[in-house]
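Presented below is the structure to which this report refers.
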Amino acid sequence: MRRSDGGNLLGAHCLPDLDVDFVVVGAGLVGLAIAERLAARGTVVVVERNEASARESSAHNTGIVHAGFLYETGSLKHHLCLEANPLVYEWCEGHGVRVAHTGKLVVALGAEDLDGLDRIEARARANGVPGIRRLTGSEARALEPNIAAVAALSSETSGIIDQVGFAKSLESVARDRGVLFAFHHTVAAVERAEGSTTVHLRDADGAESSLRAGILVNSAGHGAPSLAALAGLPLDGDTARGLPPLRQRVNRGRYYDLVTPGFNRAVSRPVYPIPSGAADVQRHQAQAGGAGMHLSVDIDGVAHLGPDTEWLPDGAPLDYRMDDAPRAAFLAAGRRFLPALSDEDIAPGQVGYRPKIEAVGDTPPDFLIFRAGAYVHLGGIESPGLTSALAIARYVEGLV
1 MRRSDGGNLL
11 GAHCLPDLDV
21 DFVVVGAGLV
31 GLAIAERLAA
41 RGTVVVVERN
51 EASARESSAH
61 NTGIVHAGFL
71 YETGSLKHHL
81 CLEANPLVYE
91 WCEGHGVRVA
101 HTGKLVVALG
111 AEDLDGLDRI
121 EARARANGVP
131 GIRRLTGSEA
141 RALEPNIAAV
151 AALSSETSGI
161 IDQVGFAKSL
171 ESVARDRGVL
181 FAFHHTVAAV
191 ERAEGSTTVH
201 LRDADGAESS
211 LRAGILVNSA
221 GHGAPSLAAL
231 AGLPLDGDTA
241 RGLPPLRQRV
251 NRGRYYDLVT
261 PGFNRAVSRP
271 VYPIPSGAAD
281 VQRHQAQAGG
291 AGMHLSVDID
301 GVAHLGPDTE
311 WLPDGAPLDY
321 RMDDAPRAAF
331 LAAGRRFLPA
341 LSDEDIAPGQ
351 VGYRPKIEAV
361 GDTPPDFLIF
371 RAGAYVHLGG
381 IESPGLTSAL
391 AIARYVEGLV
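1 is the number of the first residue of the sequence shown in our numbering; add one for each residue after it.
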């Protein structure tokens, strides 16, 4: 078996044909967590089109460790986020990954927000989320003096993680457990047979090779529907076969950084608003594609504003370059939290893309995770995918 880089990294060229137990396509945080978990069950190869792991959605997000109260009660997002929240802190403490138990505030910035805050609190209680506390305006301002809140909900189990460090630790442990990584490879074709799947790969030079696996795990993120189609699954679903629709929509989110000394440490934890004018927060999430533009802090304590939400047409390229076009909208959104914020206080930051299963009516889309024969599908793995990664890996292990 031809390998490079210490025996666990298959070369970007001339990948040998192999027989393995599991092929995991996609080396984002969720794919890495799945590979690490399945290593105890057999041989695993991770296939990734980029030159390294966690180069797409896994690295372009706020890095928030969520508690589980923003998601529909009973959904996979609810259950897996709630299960994984303590696992994330345990993993980070055990593997030297930077993480901060900052907590989170959801704030009512005016009387018109109080009904929305009541709804979020009711869902948090229904979801069984620990560490939830209703705050008065003065209590909220004692925690975050720069935020003029009239009331707030405090989530004590929320936090901030170094998401790139998290990914590196998962990859390192997976390699230690014998997982092989094939970077710069794409899937050219899939042949499914009874009890196994053959995955035909193409490397950076166009050379082809094959992996025959007992189970193919599709954790390809934005590419999940395309891989499913290669595996012969109907993207519009098949009720007779018990297959759900697999199509995804892409929602782009842009961020601005708070850059001046007066504002770059304006808050010490993520601060979420009640979506402006949204009588029903759940409906807003389904239609707009996000929970609303908020303030967050990274693992170094620097404040950021975003994301906005924009639905992209099918096939639109994922361009991670950030321009300055939305400055006025961001400045207006930031002034809801920080009225003294001025133009020179913000600068263009990062761009992220969220793969979302198409919503049905006003119900926010859930994670889509299921097995069909020798194939496991993961679709719509957006927020709280980072938080939920370790629990998703356990869930997938239960399917195989």
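Note that CB positions come from ideal geometry on N, CA and C, so glycine has one too.
Same chain only: Cβ atoms within 6 Å of residue i, ignoring 5 sequence neighbours per side
i: residue 71; result: 77, 78
i: residue 104; result: 155, 158, 269, 270
i: residue 37; result: 393, 397
Where the alpha helix (DSSP H) through residue i begins and ends
i: residue 330; result: 327-337
i: residue 387; result: 385-399
i: residue 142; result: 137-143
i: residue 227; result: 224-230
i: residue 114; result: 114-126
Cβ pair residue i, residue j closer than 7 Å
i: residue 59; j: residue 164; result: yes
i: residue 199; j: residue 187; result: yes
i: residue 349; j: residue 255; result: yes
i: residue 140; j: residue 124; result: no
i: residue 27; j: residue 57; result: no
i: residue 33; j: residue 389; result: yes
i: residue 167; j: residue 29; result: yes
i: residue 363; j: residue 66; result: no
Residue environment, residue i, which counts as buried when at least 16 other CB atoms sit within 10 Å
i: residue 138; result: exposed
i: residue 304; result: buried
i: residue 345; result: buried
i: residue 241; result: exposed
i: residue 100; result: buried
i: residue 206; result: exposed
i: residue 360; result: exposed
i: residue 260; result: exposed
i: residue 335; result: exposed
i: residue 399; result: exposed
i: residue 91; result: buried
i: residue 384; result: buried
Same chain, Cβ closer than 7 Å to residue i, neighbours up to 5 away in sequence not counted
i: residue 382; result: 354, 355, 356
i: residue 326; result: 254, 308
i: residue 108; result: 114, 117, 149, 150, 151, 152, 274
i: residue 212; result: 19, 196, 198
Close Cβ partners of residue i (< 8 Å) along its chain, the five nearest in sequence each way excluded
i: residue 7; result: Bear in mind that the predicted position of residue 7 carries a pLDDT of just 49, short of 50, making it unreliable; the figure below should be weighed with that in mind. Correct list: empty, nothing qualifies.
i: residue 225; result: 235, 246, 247, 248, 379
i: residue 244; result: 237, 368, 370
i: residue 231; result: 190, 192, 197, 216, 218, 375
Enclosing beta strand (DSSP E) for residue i [first to last residue]
i: residue 352; result: 346-357
i: residue 372; result: 368-372
i: residue 215; result: 208-218
### Query
Which runs of the beta strand (DSSP E), 3 residues or longer, sit entirely within the segment 146-195?
151-155, 159-161, 180-182, 186-193
### Query
Which runs of the alpha helix (DSSP H), 4 residues or longer, sit entirely within the segment 27-90?
29-38
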